[in-house]
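A.B. asks: From first to last, the protein sequence lines are chains A and B.
Under this note's numbering, the first residue of the first sequence is numbered 212, with each subsequent residue one higher.
Under this note's numbering, the first residue of the second sequence is numbered 31, with each subsequent residue one higher.
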Amino acid sequence: MPDGADAVLDVKGLKTVFRTRGGEVHAVNSVSFHLRPGELLGVVGESGSGKSVTMMSLIGLLPSPPADVRAGEVLLKGVDILKSTPEELRAIRGARIGFVFQDPMTSLNPVFTVGNQIMEPLKRHMGLKGKAAEDRATELLELVGIPDARKRLKSYPHQFSGGMRQRVMIAIALACDPEVLIADEPTTALDVTIQAQILELVHELRRKLGMAIIWITHDLGVIAEIADRVMVMYGGQIVEQAPVRELFGNPHHPYTRALLKTIPKLGDERDERLQIIEGQPPILTAEPSACPFRARCAHAFDRCERENPLRRPIDGQPLGRGHDVACHWNPEGADA
Amino acid sequence: MRDDTTPGPATKGKPLVQVEGLKMYFPVFTGLFRRHTGDVKAVDDVSFTLMEGETLGLVGESGCGKSTVGRALLRLYEPTAGKVVIDGVDVAHLDAEALRRKRPTMQMVFQDPQASLNPRMTLADIIGEPLNEHTNWNADKKLARIYELMDAVGLNRRFANRYPHEFSGGQRQRIGIARALALNPKFIVCDEPIAALDVSIQAQVVNLLEDLQEKFGLTYLFISHDLSMVKHIADRVAVMYLGRIAELSPRDALYARPLHPYAEALLSAVPEPDPSRAARKERIILKGDVPSPANPPKGCNFCTRCPKVFDRCRVEKPVLREVEPGRHVACHLYSESAGPTGQSEAKEHNQQGVMQ
Chain A
212 MPDGADAVLD
222 VKGLKTVFRT
232 RGGEVHAVNS
242 VSFHLRPGEL
252 LGVVGESGSG
262 KSVTMMSLIG
272 LLPSPPADVR
282 AGEVLLKGVD
292 ILKSTPEELR
302 AIRGARIGFV
312 FQDPMTSLNP
322 VFTVGNQIME
332 PLKRHMGLKG
342 KAAEDRATEL
352 LELVGIPDAR
362 KRLKSYPHQF
372 SGGMRQRVMI
382 AIALACDPEV
392 LIADEPTTAL
402 DVTIQAQILE
412 LVHELRRKLG
422 MAIIWITHDL
432 GVIAEIADRV
442 MVMYGGQIVE
452 QAPVRELFGN
462 PHHPYTRALL
472 KTIPKLGDER
482 DERLQIIEGQ
492 PPILTAEPSA
502 CPFRARCAHA
512 FDRCERENPL
522 RRPIDGQPLG
532 RGHDVACHWN
542 PEGADA
Chain B
31 MRDDTTPGPA
41 TKGKPLVQVE
51 GLKMYFPVFT
61 GLFRRHTGDV
71 KAVDDVSFTL
81 MEGETLGLVG
91 ESGCGKSTVG
101 RALLRLYEPT
111 AGKVVIDGVD
121 VAHLDAEALR
131 RKRPTMQMVF
141 QDPQASLNPR
151 MTLADIIGEP
161 LNEHTNWNAD
171 KKLARIYELM
181 DAVGLNRRFA
191 NRYPHEFSGG
201 QRQRIGIARA
211 LALNPKFIVC
221 DEPIAALDVS
231 IQAQVVNLLE
241 DLQEKFGLTY
251 LFISHDLSMV
261 KHIADRVAVM
271 YLGRIAELSP
281 RDALYARPLH
291 PYAEALLSAV
301 PEPDPSRAAR
311 KERIILKGDV
321 PSPANPPKGC
331 NFCTRCPKVF
341 DRCRVEKPVL
351 REVEPGRHVA
361 CHLYSESAGP
371 TGQSEAKEHN
381 QQGVMQ
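See the structure below:
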């Protein structure tokens with residue numbers, strides 16, 4: 212990215228391939244993006260679009276084999292973490308980059324107390340011990356809105372409800388004041404009223420702590436609510452990237468347009484038939500030489516078959532700054 | 031205790047499904063001697079009526095008992111109490127053989143198309159199984175019917191001998207729908223049929239369900255936690271909380287102006303896929319979590335989280351009653367302003383039920 216200088220995280224040309232018995236699966240194809248300080252970057256896409264794999268590859272969380280991060284750079288404050296040793300990576304994970312995963316039940320260890328699990332990164336990365344670690348853990352639980360925090364440190368994960376467990380996960384992720392927080396579908400497993408609580412909490416934490424967040428989800432509603440900027444992924448690549456209002460107000464890529472039309476909105480007046488996207492997402496057995504969306508695209512033409520479109524800015528701003536899209540099609544006088 | 035009305039709309043045909051005082055308790059056994067020490071009141075006194083050709087949306091958060099209602103209606107569970115009249119027969123009290131003969135009229139589409147299809151059966155076996163069970167047709171006739179069903183749900187006939195794992199999630203859900211349709215049912219319980227699917231596929235399945243409803247005059251109980259999708263498909267919507275119906279209203283009325291405080295909070299919590307609208311939205315954030323259905327609060331089930339709670343809510347359970355024409359609410363806030371208005375005169379109006 213040409214303007215990655217001020218970014219906390221700058222990802223360039225990331226490629227991840229899975230080797231399977233059935234051949235290679237190209238899950239992430241030349242993905243580049245950056246994250247500015249204090250920004251919330253939303254990543255949307257359907258299952259299999261490569262959004263989670265991208266984020267897992269960044270921080271070496273994919274088992275290898277079968278995964279193989281083939282190319283690319285991941286600059287965290289200018290230093291390429293793909294080149295770091297497993298030791299160094301371990302020091303980065305948890306301390307400088309925190310994660311929250313989808314399912315709070317499976318990502319907490321059921322046989323350790325919540326306090327134990329919050330204090331683990333504190334002991335490991337910050338060298339806190341005994342009382343000091345406990346105080347910090349209490350502080351963290353209070354920060355994420357768990358009442359009676361000091362007592363709750365002694366509880367086990369099963370003694371918490373789903374929403375509370377996700378709060379604990381967030382507390383663990385925040386334990387060492389990370390520069391970047393990666394949240395992978397953190398509210399998908401939760402009910403809407405609990406999701407609303409968590410979204411409120413994230414708003415509040417951003418006000419207080421001002422960290423940069425990557426938020427992965429398939430829920431466009433959640434994205435509209437919390438993101439500053441959005442990346443839409445399809446077939447292992449970024450197909451459109453724009454500030455949130457621009458993306459929802461003026462979507463360009465046919466996939467983004469279709470996606471926004473398939474979901475019914477609460478505020479809509481009339482219920483005509485839902486728009487559908489025919490067909491299935493592609494299976495990426497080879498590095499795409501054509502647009503991955505062409506088979507389902509209403510605007511596809513011969514060029515889409517021949518070459519995979521590169522991202523190009525459509526609002527005159529440098530790539531990555533404003534609104535860019537990976538599509539050959541030019542909507543002439545089309546309104547969004 | 032209960033109001034004698036079973037809520038029904040005035041605009042549809044005759045009632046097809048009438049549920050009265052349905053209770054589904056799961057016993058809790060504890061201690062060395064496994065003594066019966068309590069019940070999980072998954073469904074506690076639920077009543078509603080479904081008109082022929084209507085879609086009733088049943089919404090609520092996980093654990094509120096919405097799926098249990100669907101299963102108890104079809105006698106997949108033995109209800110603890112209550113009546114479930116489907117097409118003139120009380121299925122809650124049928125004996126096994128009579129229930130088996132009744133099954134063709136009532137079918138179910140399950141949430142997880144992966145788990146609800148036998149991986150060792152081909153598509154034709156799966157769709158044909160209800161026919162084996164309930165008809166004595168010969169192989170040709172069965173195959174013709176299987177092809178007909180596959181056409182109806184948009185599956186290519188060439189796929190008849192393939193296995194479920196060869197299909198995507200959306201296609202598997204089509205198989206599940208074809209199986210449910212095999213015996214020409216009148217009533218289908220759709221239990222979160224789109225929850226396991228991707229957004230671009232959800233729309234395909236919902237459109238299919240709507241087409242089939244129009245074509246075959248089906249009646250749906252559409253169980254979902256996706257309030258935007260329910261708004262799209264349902265004629266009326268019942269909002270459940272902790273085993274009871276909080277509000278049952280016509281769709282447009284509910285979404286425009288929810289009456290029950292829980293319905294209001296639930297609707298306000300749905301994220302709006304529109305940044306400008308999301309910024310303007312007034313959100314009600316509920317405090318705390320849903321209480322356990324094994325130990326529901328005394329008084330109104332929602333009293334522990336309700337922003338409008340007052341003294342009476344903590345001692346007396348509110349009854350579901352009609353507070354405005356067609357709108358049923360179980361809340362003390364509305365008990366003074368509007369008394370029970372008696373029967374909802376569903377039967378007097380015999381207008382043709384118009385779909386959507």
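C-beta: ideal position from N, C-alpha, C; glycine also.
In this text the structure is predicted, and so the values were computed from the model without any measurement.
Can you tell which of B/Ser279, B/Pro301 and B/Glu354 has the C-alpha that lies nearest to the C-alpha of A/Thr428?
C.D. replies: Minimum Cα distance to A/Thr428 is reached at B/Pro301.
A.B. asks: List the endpoints of the continuous beta strand (DSSP E) containing B/His358.
C.D. replies: It spans Arg357 to Val359 - the beta strand (DSSP E) in which B/His358 sits, taken as one unbroken run.
A.B. asks: If we cut at 9 Å on Cβ distances, does B/Pro193 have a partner in chain A?
C.D. replies: In the sequence on display, residue 193 of chain B carries Tyr and not Pro. Answer no: the Cβ-Cβ gap between B/Tyr193 and chain A never drops below 9 Å.
A.B. asks: Relative to chain B, which residues along the region 392-424 of chain A have a C-beta separation below 8 Å, given in chain order?
C.D. replies: Of all residues in the region 392-424 of chain A, Asp402, Val403, Thr404, Ile405, Gln406, Ala407, Gln408, Leu410 and Glu411 have a Cβ within less than 8 Å of some Cβ in chain B.
A.B. asks: For the alpha helix (DSSP H) that contains B/Pro160, what are its first and last residues?
C.D. replies: Note, B/Pro160: alpha helix (DSSP H), Leu153 to His164.
A.B. asks: CB A/Leu252 to CB A/Ile424, shorter than 9 Å?
C.D. replies: The answer is yes: Cβ separation under 9 Å.
A.B. asks: B/Pro291: buried (16+ other C-beta within 10 angstroms of its C-beta) or exposed?
C.D. replies: B/Pro291 comes out buried.
A.B. asks: Name, going along the chain, the residues of the region 480-505 of chain A whose beta-carbon falls closer than 7 Å to a beta-carbon of chain B.
C.D. replies: Going along the region 480-505 of chain A in chain order, one finds Asp482, Arg484, Leu485, Gln486, Ile487, Ile488 and Gln491 with a Cβ nearer than 7 Å to chain B.
A.B. asks: Do B/Cys220 and B/Leu251 come within 9 Å of each other at the CB atom, strictly closer than that value?
C.D. replies: Against a cut-off of 9 Å, the Cβ pair of B/Cys220 and B/Leu251 comes out as a contact.
A.B. asks: Return the residue from the list A/Leu470, A/Pro358, A/Phe371 and A/Met422 that minimises the CA-CA distance to A/Asp388.
C.D. replies: Here the closest residue by C-alpha is A/Met422.
A.B. asks: Ends of the beta strand (DSSP E) at B/Cys220?
C.D. replies: Phe217 to Asp221 is the span of the beta strand (DSSP E), which, as asked, contains B/Cys220.
A.B. asks: Cβ-heavy atom distance between A/Ile449 and the ligand GDP below 8 Å?
C.D. replies: This structure lacks the ligand GDP, and indeed carries no ligand of any kind.
A.B. asks: So, A/Ala238 versus A/Gly447, is the Cβ gap smaller than 9 Å?
C.D. replies: Contact flag set, yes.
A.B. asks: Leaving out the 5 sequence neighbours to the left and right, which residues in its chain are closer than 6 Å to B/Phe332 when beta-carbon positions are compared?
C.D. replies: Contacts found: Tyr271 and Tyr292.
A.B. asks: From the DSSP output, which residues share a beta bridge with A/Ala423?
C.D. replies: Its beta-bridge partners are A/Val391.
A.B. asks: Do A/Ala386 and A/Gly309 have their C-beta atoms closer together than 9 Å?
C.D. replies: Cβ distance < 9 Å, so A/Ala386 and A/Gly309 count as in contact.
A.B. asks: Taking the straight line between their C-alpha atoms, what separation do you get for A/Asp346 and A/Arg417?
C.D. replies: About 22 Å.
A.B. asks: Please report the Cβ distance between A/Ala360 and B/Asp304, rounded to the nearest whole angstrom; I am assuming they are in contact, meaning their Cβ atoms lie under 8 Å.
C.D. replies: About 37 Å; that fails the 8 Å criterion.
A.B. asks: Identify each residue in the region 219-235 of chain B for which the Cβ-Cβ distance to at least one residue of chain A is less than 9 Å, and report them in chain order.
C.D. replies: So the list reads Asp228, Val229, Ser230, Ile231, Gln232, Ala233 and Gln234, given in the order they occur along the chain.
A.B. asks: Establish whether the CB of A/Val526 and some CB of chain B are separated by less than 9 Å.
C.D. replies: Looking at the sequence provided, one finds Asp at residue 526 of chain A rather than Val. Cβ-Cβ to chain B under 9 Å: no for A/Asp526.
A.B. asks: A/His510 to A/Trp540, Cα distance in whole Å?
C.D. replies: Taking the straight line joining both Cα atoms gives about 7 Å.
A.B. asks: Below 6 Å CB to CB, which residues in the same chain sit around A/Met330 once its five sequence neighbours on both sides are set aside?
C.D. replies: The answer, listed in chain order, is Ala344 and Ala348.
A.B. asks: B/Leu278 and B/Cys361 - do their beta-carbons sit closer together than 9 Å?
C.D. replies: Going by C-beta atoms, B/Cys361 is not nearer than 9 Å to B/Leu278.
A.B. asks: Which of helix, strand or coil does DSSP assign to B/Gly369?
C.D. replies: Residue placement at B/Gly369 cannot be trusted, given a pLDDT of 40 that sits under 50; what the coordinates show is reported in the next sentence. DSSP places B/Gly369 in coil when its eight states are reduced to three.
A.B. asks: Put B/Glu277 into one of helix, strand or coil per three-state DSSP.
C.D. replies: DSSP places B/Glu277 in strand when its eight states are reduced to three.
A.B. asks: For B/Lys71, which beta-bridge partners are listed by DSSP?
C.D. replies: According to DSSP, which records beta bridges pairwise, B/Lys71 is partnered with B/Tyr55.
A.B. asks: Beta carbons nearer than 9 Å to chain A: which residues of the region 299-315 of chain B have them?
C.D. replies: Cβ contacts with chain A: Ala299, Val300, Pro301, Glu302, Pro303, Asp304, Pro305, Ser306, Arg307, Ala308, Ala309, Lys311, Arg313, Ile314 and Ile315.
A.B. asks: Here's a check: name, in chain order, each residue in its chain whose Cβ is nearer than 8 Å to the Cβ of B/Phe246, leaving out the five neighbours to either side.
C.D. replies: Excluding residues within five positions, the ones whose Cβ falls inside 8 Å are Leu211 and Asn214.
A.B. asks: Under the DSSP definition of a beta bridge, which residues are partnered with A/Met442?
C.D. replies: In the DSSP output, where bridge partners are listed per residue, A/Met442 has A/Val254 and A/Gln452.
A.B. asks: According to DSSP, which residues form a beta bridge with A/Glu284?
C.D. replies: A/Glu284 is bridged to A/Lys223.
A.B. asks: Output the distance between the C-alpha atoms of B/Gly87 and B/Val235, rounded to the nearest integer angstrom.
C.D. replies: Spanning the two alpha carbons is a distance of roughly 16 Å.
A.B. asks: Which residues bound the alpha helix (DSSP H) around A/Ala382?
C.D. replies: Its alpha helix (DSSP H) spans residues Gly373 to Leu385.
A.B. asks: Look up B/Pro45 in the DSSP assignment and say whether it is helix, strand or coil.
C.D. replies: Three-state result, B/Pro45: strand.
A.B. asks: In the DSSP output, which residue or residues are listed as bridge partners for B/Tyr271?
C.D. replies: Beta-bridge pairing links B/Tyr271 to B/Arg274.
A.B. asks: Let's test the definition: count the other Cβ atoms within 10 Å of the Cβ of A/Gln370 and tell me whether it reaches 16, buried, or not, exposed.
C.D. replies: A/Gln370 should be labelled exposed.
A.B. asks: When the Cα atoms are used, what is the spatial distance from A/Pro276 to B/Arg105?
C.D. replies: Going from the Cα of A/Pro276 to the Cα of B/Arg105 covers about 48 Å.
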